[in-house]
Structures are given as C-alpha cells and as structure tokens.
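Chemist: Quick one: the structure is below, and I'll ask about it shortly.
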Amino acid sequence: MPRQVFFYDQPERFVAGTVGEPGDRTFFLQASGGGRTTSVLLEKTQVAALAERVDELLDEVLRRSGGSAPVPAVAPSDLIDVAPLDLPLEEEFRVGTMALAWDGSEECVVVEAQALVEVDPEDDEAPPDDELIDDEEHGPPLLRVRITGAMARVFAKRALDLVAAGRPPCPFCSLPLDPEGHICPRANGYRR
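Under UniProt numbering, the first residue of the sequence shown carries the number 1, and numbering increases by one thereafter.
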C-alpha cells in the first residue's frame with residue numbers, strides 16, 4: 001500500500017491543541033488549508049519538544065543570517081491563534097517520529113510528523129528502523145507542513161503556552177498536582 005502523505009505548503013493554520021481537562025488532556029497537531037484539515041495525535045512531551053526546537057531553529061537561523069532572514073525574534077501579536085481546534089476532530093494517526101528543518105531556498109520551516117510504527121521485536125522479517133523512516137514510497141503515514149518563520153514562532157508560542165497550562169506543579173516535588181489529591185514523595189507518603 002502506498003504511503004499516505006498529508007502535505008501542507010503554507011497552510012492557513014498550523015497549531016497544537018488539546019481536548020479534555022488538565023491532567024486528562026489529549027494533544028493534537030492540526031494543519032488546515034484548501035478546504036481540508038488533518039489532525040494527528042501526540043504526547044505532551046512531543047508538543048513541548050517540537051515547540052522548543054522550533055524556537056531554537058529560528059534563533060539559529062536569525063543568528064547565522066545576521067538578522068536578515070525573514071524570521072521575527074518573537075511571535076507577531078497580530079498572528080497569535082487562540083482559537084480551539086477545528087471540528088470535527090478526526091485523528092489520522094499517532095505520531096511516533098518528528099523532524100524539523102529550515103529550507104533556505106524557500107526560507108521556511110519544514111515540520112514532519114510520522115506515524116508511530118509498532119514492530120514486533122521477535123519478527124525476523126521486520127525491516128530495520130532506518131528503513132522504516134527512509135522509505136518514501138511505502139512508509140508509514142506522514143504529515144509534512146511548510147510554514148513561514150512568523151507562523152513557526154506563533155506555533156511555538158501557542159504550543160509552549162498550551163503545555164504550561166496543565167496542572168500546576170507541587171511546590172515540594174515539582175510533580176503535577178492531581179485535582180483528587182497529591183501524595184508528595186517528599187512528604188514520605190503523608191498528604192500535605
């Protein structure tokens with residue numbers, strides 16, 4: 001079966017979003033444009049890592065270009081997107097591997113999210129991990145998005161804000177506080 005690639009070149013919208021209450025949220029990446037929307041499921045840590053790496057990549061592009069690259073130093077306030085995810089929310093796949101790059105010829109950020117591939121470790125005929133990623137024609141589903149530097153900054157800001165909007169950390173152990181109660185490991189099993 002041929003590989004399914006969801007490709008968006010300068011989409012109208014590319015955001016991270018959640019469904020559910022803090023402590024029980026489901027995280028999504030969502031791209032939309034041209035009358036279609038693609039949503040992929042991922043972990044909170046993946047959202048945080050992607051947002052941090054986007055900011056680092058854009059900072060490095062600015063540094064190497066001496067400030068001449070079309071990348072804002074901070075997210076432009078007029079582009080900030082706080083709207084909820086587009087509905088209906090239909091998950092295409094769960095993200096396993098992500099890649100991030102700067103396309104210097106087009107002066108844009110390229111984000112790739114590839115579906116999680118579960119391989120039986122006892123299957124002698126399973127291809128090695130590097131073949132799963134490199135097979136362009138028959139690999140796992142892939143979301144590929146090309147966005148401007150400004151849109152990438154806005155994406156990173158929203159994603160980092162989203163991650164930070166979860167449960168507050170315990171002041172003693174820094175683990176997330178559970179609304180039903182928190183047994184802090186630093187309290188030797190006693191509730192504080």
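Cβ coordinates follow ideal geometry from the N, Cα and C atoms, glycine included.
Pairing CB atoms from the region 36-47 with CB atoms from the region 175-189, are three or more of them under 8 Å?
Modeler: Cβ pair count under 8 Å is below three, so no.
Chemist: Looking at the secondary structure, which residues open and close the beta strand (DSSP E) in which residue 30 lies?
Modeler: Taking the first residue of the sequence shown as position 1, residue 30 is located at position 30. First-last of the beta strand (DSSP E) with residue 30: 26-33.
Chemist: Which residues in the same chain have their Cβ closer than 6 Å to the Cβ of residue 26, if we skip the five residues on either side of it in sequence?
Modeler: The count along the sequence shown starts at 1 and reaches residue 26 at position 26. Closer than 6 Å at Cβ, skipping near neighbours: 19, 20.
Chemist: Starting from residue 91, trace the beta strand (DSSP E) in both directions and tell me its first and last residue.
Modeler: Within the sequence shown, the letter at position 91 stands for residue 91. It spans 91-103 - the beta strand (DSSP E) in which residue 91 sits, taken as one unbroken run.
Chemist: Ignore the nearest five residues each way along the sequence and tell me which others in residue 4's own chain have a CB closer than 7 Å to its CB.
Modeler: Within the sequence shown, residue 4 is the residue found at index 4, counting from 1. Closer than 7 Å at the Cβ level, and outside the excluded window around residue 4, lie 141.
Chemist: Would you please state the rounded distance, in angstroms, between the beta carbons of residue 146 and residue 106? I believe it to be under 8 Å.
Modeler: Here residue 146 refers to the residue found at position 146 when the sequence shown is read from its first residue. Here residue 106 refers to the residue found at position 106 when the sequence shown is read from its first residue. Confirmed, Cβ separation roughly 7 Å.
Chemist: Between which two residues does the alpha helix (DSSP H) harbouring residue 148 extend?
Modeler: Your numbering for residue 148 matches position 148 in the sequence shown. That residue, residue 148, is in no alpha helix (DSSP H); it is neither H nor E in DSSP.
Chemist: With DSSP as the reference, identify every bridge partner of residue 45, one or two as the case may be.
Modeler: As a first step, residue 45 must be located in the sequence shown, where it is residue number 45. Paired residues: none, contrary to the question.
Chemist: CB-CB under 8 Å to residue 47, same chain, minus the five flanking residues each way: which ones, in chain order?
Modeler: Position 47 of the sequence shown holds residue 47. So the qualifying residues of the chain are 16, 27, 29, 159, 162, 163.
Chemist: Relative to the alpha-carbon of residue 116, which residue among 62, 95, 85, 77 has its alpha-carbon at the smallest distance?
Modeler: In the sequence shown, residue 116 corresponds to position 116, counting from 1. Of the candidates 62, 95, 85, 77, the one whose C-alpha sits nearest the C-alpha of residue 116 is 95.
Chemist: DSSP on residue 39, reduced to helix/strand/coil?
Modeler: The count along the sequence shown starts at 1 and reaches residue 39 at position 39. Three-state DSSP puts residue 39 in a strand.
Chemist: CB-CB under 6 Å to residue 6, same chain, minus the five flanking residues each way: which ones, in chain order?
Modeler: Start at 1 with the first residue of the sequence shown, and residue 6 comes out as number 6. Same-chain partners within the cutoff: 38, 143.
Chemist: Pull up the CB-CB distance for residue 149 and residue 109, whole angstroms please, since I reckon it's below 8 Å.
Modeler: Taking the first residue of the sequence shown as 1, we reach residue 149 at position 149. Taking the first residue of the sequence shown as 1, we reach residue 109 at position 109. Going by Cβ atoms, the distance from residue 149 to residue 109 rounds to 7 Å, so yes, they are a contact pair.
Chemist: Assuming residue 57 and residue 100 are in contact, meaning their beta carbons sit under 8 Å apart, how far apart are those beta carbons, in whole angstroms?
Modeler: As a working note, residue 57 is residue 57 in the sequence shown. As a working note, residue 100 is residue 100 in the sequence shown. Residue 57 to residue 100, Cβ: 6 Å. Contact.
Chemist: Rounded to whole angstroms, what is the Cα-Cα separation between residue 62 and residue 104?
Modeler: Translated into positions along the sequence shown, residue 62 becomes position 62. Translated into positions along the sequence shown, residue 104 becomes position 104. Distance between the alpha carbons of residue 62 and residue 104 is about 12 Å.
Chemist: Rounded to whole angstroms, what is the Cα-Cα separation between residue 176 and residue 32?
Modeler: Position 176 of the sequence shown holds residue 176. Position 32 of the sequence shown holds residue 32. Going from the Cα of residue 176 to the Cα of residue 32 covers about 32 Å.
Chemist: Excluding the 5 residues flanking residue 186 on each side, which residues of the same chain have their C-beta closer than 6 Å to its C-beta?
Modeler: Indexing the sequence shown from 1 puts residue 186 at position 186. Correct list, in chain order: 172, 173.
Chemist: Assuming residue 66 and residue 167 make a contact with CB atoms under 8 Å, what is their CB distance in whole Å?
Modeler: Walking along the sequence shown from the start, residue 66 turns up at place 66. Walking along the sequence shown from the start, residue 167 turns up at place 167. Going by Cβ atoms, the distance from residue 66 to residue 167 rounds to 42 Å, so no, they are not a contact pair.
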